[in-house]
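What the sequence shown shows, in numbering that gives the first Met the number 0, is residues 0 to 917, in sequence order.
Note that CB positions come from ideal geometry on N, CA and C, so glycine has one too.
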Amino acid sequence: MPAAAEAIDASIAPRVSPHDERDYRVLTLENGLTALLVSDPEADKAAASLNVSVGSAQDPQDLAGLAHFLEHMLFLGTEPYPEADAYQGYLTRHGGNHNAFTAPQDTNYFFTIEPDALEGALDRFSQFFIAPLFNADRLESERNVVHSEYMARIRDEGRRENDVLDRLLNPDHPFTGFSVGSRRTLADRPDDEPSLRERVIDFYESHYGANVMHLAVVAPQPLDELENLVATRFAGVLDRGLDRPEIAAPLAVPEQLPRRVAVKSLRDSRELNFFFPVPDPITDYRHKPADLIAHLLGHEGEGSLLAALREAGWADGLSAGVSRGDGSHALFTVSISLTPQGAEHRDAIESSLLAAVETIREAGPEAWRYDQQARLAQQSFQFQQHGSPQQDAMRLAMNLARFPVEDVQYADYRMDGFDRERTRHYLATLTPDNLIRLYSAPDIEGEQTSPWFDAPWRDDSHADDATVLGNLALPEPNPYIAEDLALLDAQDERPHQRIDEPAFAFWQMSDASFDTPKVEWRFSLQHPRAAEAPRAAVQARLLAGWLEDSLNEALYPARLAGQGLEAYAHARGMTLAFSGWRDRQDKVMERVIEQLQHGSIEPATFERVRYRLQRQWRNAPQDSLHRQANRTLAEALVRPQWPSAALLEASKDLTTDDLRRFRDAFLDELRLEAMAVGNIGTEQADTLARRVAKALAPSLTAAAIPDLVPLDVAPDLPSLAPPTSREESILLRYLQGPDRSLDSQARLALLGQLIDTPFYQRLRTEQQLGYVVHAGYSPMLDAPGLALLVQSPETHSDKIADHMDRFLETFTNTLETLDEEAMAPYRQAVYADLTRRDTSLGGRTNRLWRALAYGDTEFDRRERLAERMLKVSVDELRQAWTTLMASPTIRVAFDPGDAPDDVLALTADLEPLPEGGE
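Encoded structure:
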């Protein structure tokens, strides 16, 4: 064992799921840094996450955003690796990626990479915390990047509401500060004060120390090898004798409560949020009394508060939980999504919420409800799914900072027994005298404006004699809890077609590799005219939305018990996706199919679903500008595809009777394709699939269903402007491949890997054109292409285009000097990404389901593409780039004041992109 580390006694090793066969080791280095090592021989990626127990709550009063700014500065060079792109460039060459985030009490840094490159990644990563340069030449550029990030988020509704909430909380609490930073808050210091760089260094030396750092590494290497990699590289982190900062100030001032305010929203949405100051329940994580209360208030079944609000036509969503925990204090939060009618009954909704709390209080609450939740938590832990190595590393690093070592995997599931007194204590805080009510809507006229995100707000009126909704009741025992959790041994290598009939095709794959008795089902109900026009596309979405909404109360207990249902419309019709325990899944499937065929479509449900969809389409111009640009690109290059404005217009004159007629017509002309993947035998899967097919009675062959078609970019296509209300600029340049062949896909995917880091480094790090900067492989269905995107708060799209042109010239020269040795790691990185292991049953099913949609009935297209990737030569890559540069491109651009383009009209004459040879 290296001298730099001493193992923590095995008796406090993490408690893990009985099906978790990975090896764990916890180290405490001599400097005090704690590291959790996870050896997973099956992992095809390595990942690390380091959590520093410091965040924006420690920002100095005169330098808001300093912790976040420091996070940015650490990426820009260290003494052993002074180049600004040394870390990112290494990761990109070896199939990796990275990021970081700053929270109020934590700053988390993380990366993922090919396992054989882990040593080099840890070399570079560890130096962030040992010898950062805080390069003075990069100070101004990174301040501009932070400012661009602030401007990109200034219209974010959550941040606007939090900016107002901060005004209502205790001003002495450090969570109420401005955490992002801007040019103003991070401005150069006066000459008689320490410089900004000196303040950054001082913050680093005051708050970054080994004692408040927790590292998690997940990789396929053996534990001894991982221990050596970590111990030798992180031993140099200084022990500064630090402790995790504690916050003594309360979140709220009791004398200033209750408080009710209204905030103007930019989006067409109405939200009513209730915040009750409570003790931070993290101190009670072993018993979770607040979780039980949140479960009961957030329940959506019959008798619930949400069910009563939906019946009254006042709300279409509700959630309950805890936010803003600081280790001592927190806010118990209830958030309700309102209809316009509900917005007129805010006081009645408040009274009804308090009545629901009283219902829980009067019931005891009962121990059996806690025991039921504990049973469900134990089932989830018994068959815990880990996710990707990067997700796992991040979660474990943060949990190391919060929980004892033995509970880093178990804390979220641990329920040691019902604590009636603690539960009553939390209930006692949910009173009308201890609340903050924050209502947001687009029609609010503010009397004040929040300081950082410019949200107008005012005090809201309140009447004490509001009506309370009736028929509130606590839920009955859950009838959907799985009993049979036995694991079956059957394992297939790929899906096999079990049923091949003219109107029904069924593929099934027995899969025990995830050690969970769960099954994923997909049923594609295909109709030839499901998206032939906006009206049909809207009705398909309404039908899918109605199906989920009309079953919400009835099947909410099934969701709690681990049975998932999703119904979603698409260009070919509608997909029903079921996920959950094998046991009792058939009951859910039968109930859904029966409702789809025979359920009553009531006007109230129709209007609720239509309102939800219309709200989404009305708010589309408020989405992040880069998302709108990508949506415009898809509307231009994929058919059928309908813009949000066309869907909104088509929805306005639809009636309940229209949807009833559409359902009948839709179900009368169906083709059915289905897939089951998971811990289920062939015979049982076949029986269930045939039962669904018998009920739906499909009658159409595959030839009757139109395909999605990627289109070929025309030479004379003008620049396309999205219909946005954002006040930023964007340029998205799309370089489309010549055809849809595997050869073209392989070459463009490799070009995307090569262009990623230099584009980011030039246009973001060096030229500071914006916060959202990206270049990489971006296929449209199976049509290959490269997307180059810059979103900027102040640089015009024409100027961005000039910078892109100069970059592309430089990149062309780079490719001219590229040799096989330099290209090989990039090629291997793309190959590894194409063949990477599925990390969840749902992820595997979705991948196989997409393959089937592309006609890949052998389920080997990605493997064939990966093999083509290994054969791409430098000369072929240069030729592919030359062809791209000489081919037409699509330009999606917007600057404030631009009028939107009619994308469908401008692209109406585009022809399908050729398939090309295999």
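Can you tell which of the options has the C-alpha that lies nearest to the C-alpha of residue i?
i: Ser16; options: Ala342, Ala293, Gln378, Ala45; result: Gln378
i: Ala920; options: Pro244, His526, Asp715, Leu785; result: Shown here, the chain extends from 0 to 917; a query on residue 920 therefore has no answer.
i: Val25; options: Glu245, Ala63, Val211, Leu399; result: Leu399
i: Pro705; options: Leu550, Gly572, Asp105; result: Gly572
i: Val712; options: Pro697, Glu29, Gln878, Tyr733; result: Tyr733
i: Phe513; options: Tyr23, Leu486, Ala529, Arg662; result: Leu486
i: Glu270; options: Gly316, His294, Ala251, Ala293; result: Gly316
i: His71; options: Ala47, Arg137, Leu32; result: Arg137
i: Leu624; options: Gly544, Ile129, Met150; result: Met150
i: Ala355; options: Lys287, Gly297, Gln340, Ala329; result: Gly297
i: Glu552; options: Thr33, Ser303, Ser140; result: Ser303
i: Arg860; options: Arg761, Ser740, Met803; result: Ser740
i: Pro516; options: Gly680, Arg746, Pro757; result: Gly680
i: Ser48; options: Leu214, Arg761, Gln594; result: Leu214
i: Leu434; options: Phe274, Ala568, Val591; result: Phe274
i: Ser576; options: Lys586, Glu565, Ala570; result: Per the sequence shown, residue 576 should be read as Ala rather than Ser. Answer by Cα proximity: Glu565.
What residues in its chain sit with their C-beta under 7 angstroms from that of residue i, if we drop five residues either side in the sequence?
i: His461; result: Arg259, Asp346
i: Asp238; result: Asn30, Gly31, Gly208, Ala209, Asn210
i: Pro722; result: Pro620, Ala644, Pro899
i: Tyr479; result: Pro556, Ala557, Ala560, Gln562, Arg583
i: Asp755; result: Thr91, Ala774, Gly775
When DSSP labels each residue in this structure, what does residue i get in the three-state scheme?
i: Ser268; result: coil
i: Tyr409; result: coil
i: Ala248; result: coil
i: Ile281; result: helix
i: Ala2; result: Any reading at Ala2 needs caution, since the residue's pLDDT is 44, under 50, leaving its predicted position unreliable; the model's value is listed next. In this structure, Ala2 counts as coil in the three-state DSSP scheme.
i: Trp880; result: helix
i: Ile704; result: coil
i: Gln735; result: strand
i: Glu565; result: strand
i: His344; result: coil
i: Asp831; result: Correcting the residue type first, residue 831 is Ala in the shown sequence and not Asp. Helix, per DSSP.
i: Gln525; result: strand
i: Gln220; result: coil
i: Leu237; result: coil
i: Tyr770; result: coil
i: Gln129; result: Per the sequence shown, the amino acid found at residue 129 is Ile instead of Gln. In the structure shown, Ile129 sits in coil (DSSP, three-state: anything other than H, G, I, E or B).
If you drop the 5 nearest sequence neighbours on each side, which residues of the same chain put their C-beta closer than 8 angstroms to that of residue i?
i: Ala9; result: In this prediction, Ala9 has a pLDDT of 43, which is less than 50 and means its spatial position is unreliable; nothing more can be read from the coordinates.
i: Pro219; result: Ser38, Asp39, Pro40, Glu41, Ala42, Asp43, Ala45, Pro114
i: Ile7; result: For Ile7, the predicted model reports a pLDDT of 45, less than 50, meaning its position is unreliable; a value from the coordinates is still stated below. Closer than 8 angstroms at the Cβ level, and outside the excluded window around Ile7, lie Val25, Leu26, Thr27, Val404.
i: Gly915; result: Pro737, Asp738, Arg739, Ser740, Asp742, Ser743
i: Glu648; result: Pro533
i: Asn618; result: Arg266, Asp267, Ser268
Contact check, residue i vs residue j under 8 angstroms by CB: the rounded distance?
i: Val902; j: Ala635; result: 5 angstroms
i: Ser509; j: Thr838; result: With 8 angstroms as the limit, Ser509 and Thr838 do not qualify as a contact, their Cβ atoms being about 19 angstroms apart.
i: Arg581; j: Val518; result: 5 angstroms
i: Gly326; j: Asp279; result: 6 angstroms
i: Phe402; j: Ala410; result: 4 angstroms
i: Arg611; j: Ser268; result: No, Arg611 and Ser268 are not in contact; Cβ-Cβ is about 10 angstroms, not under 8 angstroms.
i: Gln744; j: Leu864; result: 6 angstroms
i: Asp84; j: Asn50; result: In fact, because the Cβ distance is near 24 angstroms, the residues do not count as touching under 8 angstroms.
i: Gly775; j: Pro792; result: Their Cβ separation, rounded to whole angstroms, is 22 angstroms, which puts Gly775 and Pro792 out of contact at 8 angstroms.
i: Glu670; j: Ala703; result: Correcting the residue identity first, residue 670 is Arg in this sequence and not Glu. Indeed, because the Cβ distance is near 6 angstroms, the residues count as touching under 8 angstroms.
Kindly list the residues whose CB is nearer than 6 angstroms to the CB of residue i, restricted to its own chain and excluding five residues on each side of it in sequence; keep chain order.
i: Asn134; result: Leu75, Gly76
i: Arg154; result: Leu265
i: Pro501; result: Thr700
i: Ile281; result: Gly324
query: Any contact of the segment 588-602 with the segment 118-129, i.e. 3+ C-beta pairs under 8 angstroms?
result: The answer is no - the segment 118-129 does not touch the segment 588-602, with fewer than three Cβ pairs under 8 angstroms.
task: Taking 8 angstroms as the threshold, find out whether the segment 454-474 comes into contact with the segment 195-202 through three or more Cβ pairs.
output: no
field: the segment 732-748 / the segment 780-797 touching (three or more Cβ pairs under 8 angstroms)
entry: yes
- request: Would you check if the segment 745-752 and the segment 871-884 touch, i.e. whether three or more CB-CB distances between them fall below 8 angstroms?
  value: yes
message: Within 8 angstroms, do at least three Cβ pairs link the segment 820-829 to the segment 865-874?
response: Between the segment 865-874 and the segment 820-829 there are three or more inter-stretch CB-CB distances shorter than 8 angstroms, so the stretches are counted as touching.
field: Three-pair Cβ contact test at 8 angstroms for the segment 58-66 versus the segment 246-257
entry: Contact fails: fewer than three Cβ-Cβ distances are below 8 angstroms.
- prompt: Does the count of Cβ pairs from the segment 327-338 and the segment 307-315 closer than 8 angstroms reach three?
  reply: yes
Cβ contact check for the segment 493-501 and the segment 806-824: 3 or more pairs under 8 angstroms: no
- prompt: Are the segment 285-294 and the segment 363-376 touching, with three or more C-beta to C-beta distances below 8 angstroms?
  reply: Counting Cβ pairs under 8 angstroms, three or more are found: they touch.
task: Indicate whether the contact test is met: 3 or more Cβ pairs, each with one atom in the segment 842-849 and one in the segment 797-813, closer than 8 angstroms.
output: no
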